[in-house]
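Notes for the one structure printed next.
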Amino acid sequence: MSVDMWQSTLVEIAFTSVVIYNFTMLYGKRTELDDDFVLKNLMGPNCLTILEELMSHVSFAPGSRVLDLGCGTGLTSIFLAQEYDVQVFATDLWIDATDNHKRFSALGLDDRIIPIHADAHNLPYANDFFDAVISVDSYQYYGADQEFLDAHLAPLVKPDGIIAVSMPGLQPSLEEGGLPDQLKAFWHYEIINFNNLAWWEDLWSRSKMIGPVEAFPLTCHRRAWGEWLASDNDYAQQDVQMMEVEGGKYFDTLALVSTRVNCHISSFT
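With positions in the sequence shown counted from 1, the corresponding number in my numbering is that position plus 21.
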């Protein structure tokens with residue numbers, strides 16, 4: 022796909038999303054959110070679009086206790102609570118928990134979503150506490166070292182519990198070092214850890230606390246980006262320039278899904 026075609030596709034996807042929903046956006050089967058609310062609270066490619074596809078690969082029962090790790094402004098937590106009737110621990114380091122609490126309360130969800138301010142390497146939860154962990158567009162910041170999964174995350178999940186994450190990454194034949202300098206210029210000081218799917222699958226396959234890993238790219242990649250670029254967020258407008266350089270040739274949206282195995286946690290932490 023040429024750069025011009027890629028840019029036109031992103032614009033068309035973004036425009037279509039706004040026109041179709043007009044005043045509300047429907048995610049899943051019953052989660053309707055005001056489009057202004059969604060666009061105002063996005064922090065990157067539409068996390069709701071990404072989560073909707075990610076959840077097609079997993080399931081959990083109503084009333085489950087779910088960790089939404091790196092929840093940002095809480096959009097994904099709202100979706101999980103409304104769509105699946107679960108209790109969500111909305112955990113983030115960058116966004117103030119009080120601000121998230123106000124958003125949840127305004128939607129009548131303060132009894133189902135608990136906002137927590139915490140670092141992913143120092144989570145304030147008991148072992149075997151969660152039925153599932155979900156993470157959208159944050160795992161690349163803290164989960165790219167071999168120790169993180171077994172030392173900090175998997176122990177918090179009950180045996181047979183779900184761990185499902187999605188992160189931005191690279192298309193199959195690429196490595197982070199192979200990106201053109203024009204794209205690297207957009208990274209600034211951030212540690213993004215852009216890697217391809219095989220790299221992430223290999224990392225998780227080394228874990229002693231999870232079972233077989235399902236690794237796959239998400240088909241919503243272009244749509245999620247288009248919806249983000251349609252917002253008037255300053256960072257989104259900066260990303261418009263980045264995506265013009267990217268031209269559909271380098272990036273992808275990746276997902277990993279697995280379950281906690283039944284093991285003695287003390288052996289690995």
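Note that the Cβ used here is the ideal one computed from N, Cα and C, for glycine as well.
Runs of the beta strand (DSSP E) spanning 3 or more residues and lying entirely within the stretch 182 to 221 do not occur at all. With respect to the 8 Å criterion, residue 277 and residue 234 are classified as neighbours on the basis of their beta carbons. Judged by DSSP secondary structure, residue 267 falls within the alpha helix (DSSP H) whose first and last residues are 255 to 267.
Counting C-beta pairs with one atom in each stretch, the stretch 119 to 133 and the stretch 148 to 159 have fewer than three that are closer than 8 Å, which means they do not touch. Between the stretch 259 to 268 and the stretch 198 to 208, the count of C-beta pairs closer than 8 Å reaches three or more; the two stretches touch.
Residue 283 has its alpha-carbon roughly 42 Å from the corresponding atom of residue 260. Your pair residue 185 and residue 75 checks out as a contact, with CB atoms roughly 6 Å apart and the cut at 8 Å.
A direct Cα-to-Cα measurement between residue 137 and residue 81 gives close to 22 Å. Going by DSSP, residue 59 is part of no beta strand (DSSP E) but of the alpha helix (DSSP H) stretching over 56 to 62. In this structure, residue 196 lies away from residue 214, with their beta-carbon atoms at least 8 Å apart. Between the stretch 55 to 67 and the stretch 233 to 250, the count of C-beta pairs closer than 8 Å reaches three or more; the two stretches touch.
Within the same chain, and ignoring the five residues on either side of residue 181 in sequence, the residues whose Cβ sits closer than 6 Å to its Cβ are 280.
Remark: C-beta atoms of residue 126 and residue 111 do not approach each other more closely than 8 Å. In terms of CA proximity to residue 194, 273 leads the group 107, 59, 57 and 273. Cα atoms of residue 146 and residue 248: separation of roughly 34 Å, rounded to the nearest angstrom.
In the displayed model, residue 46 falls within a strand according to three-state DSSP. Taking the Cβ atoms as the reference, residue 121 lies roughly 4 Å from residue 95, within the contact range of under 8 Å.
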